[in-house]
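In this note's numbering, the protein residues as written are -17 to 114.
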């Protein structure tokens, strides 16, 4: 097992995040997903969070990421949802027609620790999302 480290600790902290579009509106395509992915990487770097795997379906995204022990996950997720919502609506104005009252993300999210599951299994699961 490869461990990450900082000045005072070693760790291996992987998380699986699922974010859903409000009312499951089917707005994701490859272009919007790539845009949202870039924003995740950009904002995540400020919270010691790095992207491992990303995939989307029409109404939600799956993300596997690594974090440091000092990462404030709920603050990061809220910052990401807020910024990505604003920027997606700004850069893809047609998307507003498919949303409900300007809301992009559902208030809820699913965040799972990867536990003892091999990371490769989780990566394969995420890679296979949206391929129906």
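Glycine is no exception: its CB is placed at the ideal position from the N, C-alpha and C atoms.
Endpoints, the alpha helix (DSSP H) within which residue i is located
i	result
residue 30	Note, residue 30: premise wrong, no alpha helix (DSSP H); not H, not E.
residue 55	55 to 73
Residue i - containing beta strand (DSSP E), residue span
i	result
residue -4	-4 to 3
residue 47	42 to 49
For residue i, the residue or residues it bridges with in DSSP
i	result
residue 35	46
residue -13	-8
Neighbour-count burial assignment, residue i, 16 or more Cβ in a 10 Å radius
i	result
residue -1	buried
residue 58	buried
residue -8	exposed
residue 82	exposed
Cα-Cα separation, residue i to residue j
i	j	result
residue -4	residue 53	12 Å
residue 91	residue -10	31 Å
residue 102	residue 3	26 Å
residue 88	residue 5	7 Å
residue 71	residue 24	18 Å
Beta-carbon proximity check, residue i vs residue j, cutoff 7 Å
i	j	result
residue 17	residue 33	no
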